[in-house]
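Worksheet: the structure to be examined is printed underneath.
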Amino acid sequence: MKKQLILFIFLLSTVVISAQKMKDVEGSFKNLNGITAFNLEFDYSDVQIPKFDSENDFLKDKMDKREKKEAGAGEIFKKSWFDDRPNRYEPKFIESFNKRFKNTEVRVDKNFSDAKYTIKIHTVRMYAGYNVGVVRRNSEIDAVIIVYEKANPSTILLSGKYSKVQGYGAMGYDYDSGYRISECYAKLAKNIAKGILKVSK
């Protein structure tokens, strides 16, 4: 039993480590060395939701279920689903990334006019996870990252994909899906910052 537990923990850690690595990489983090500021662009177009054919199908399902319980609850959910992007996910990414650079060697922000380079984060898959008290599952996102020269978008310094970036927190008391998903973006930012830090040493 003990051997099985050790094997399970090893396999789980392998999956987590694998999910943190960028795949399908073009360019290199080395190309970002010396850049001190990045403009951020967030893209959620054509995002895939597991078990649904489209994001619209997902929203309809969730809205219909809520409307049956309480009139107007469906629209509230839809508004929250989209509002969480600029209000929670993106600020969480910015906060998580910037705090990795204690001496402000590198900064990111939206509409960063002084930045000559842009990091585009295209979320291609989003899973909200769940927490019903006795059972929970982490949120996950897959994201394609493209770093390019703002004045010349065809000049790409780095591109690649992060898969199954998981979000969780609050010691398991993460009942709000928006909170869980925002933690995915915090983890994604951490992974990108680590890539930059690694080549700057």
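Residue 10 is where the sequence shown starts when you use our numbering, and the numbers rise one by one after that. We put the CB at the ideal spot given by N, CA and C, even for glycine.
Tell me the rounded alpha-carbon separation between residue i and residue j.
{"i": "residue 149", "j": "residue 70", "result": "20 Å"}
{"i": "residue 39", "j": "residue 133", "result": "25 Å"}
{"i": "residue 155", "j": "residue 61", "result": "26 Å"}
{"i": "residue 94", "j": "residue 88", "result": "11 Å"}
{"i": "residue 53", "j": "residue 137", "result": "14 Å"}
{"i": "residue 66", "j": "residue 55", "result": "12 Å"}
{"i": "residue 57", "j": "residue 68", "result": "12 Å"}
{"i": "residue 72", "j": "residue 160", "result": "41 Å"}
{"i": "residue 77", "j": "residue 59", "result": "23 Å"}
Excluding five sequence neighbours on each side, which residues of the same chain lie with their C-beta closer than 6 Å to the C-beta of residue i?
{"i": "residue 175", "result": "147, 149"}
{"i": "residue 101", "result": "191, 194, 195"}
{"i": "residue 50", "result": "127, 129"}
{"i": "residue 44", "result": "126"}
{"i": "residue 163", "result": "none"}
Under the assumption that residue i contacts residue j (Cβ atoms under 8 Å), give the Cβ distance between them as a whole number of angstroms.
{"i": "residue 47", "j": "residue 152", "result": "Residue 47 to residue 152, Cβ: 15 Å. No contact."}
Comparing alpha-carbon positions, which option in the options lies nearest residue i?
{"i": "residue 208", "options": "138, 141, 115", "result": "115"}
{"i": "residue 35", "options": "185, 172, 168, 189", "result": "168"}
{"i": "residue 186", "options": "92, 159, 140", "result": "140"}
{"i": "residue 188", "options": "68, 41, 73, 98", "result": "98"}
I'd like the list of long-range same chain contacts for residue i, defined as Cβ closer than 8 Å, with 5 residues on each side in sequence excluded.
{"i": "residue 75", "result": "82, 83, 85, 86"}
{"i": "residue 32", "result": "169, 170, 171, 172"}
Residues in its own chain within less than 7 Å of residue i by CB, not counting five upstream and five downstream?
{"i": "residue 205", "result": "38, 41, 115"}
Between the segment 187-203 and the segment 108-120, are three or more C-beta pairs nearer than 8 Å? Flag = yes, the segment 187-203 and the segment 108-120 touch.
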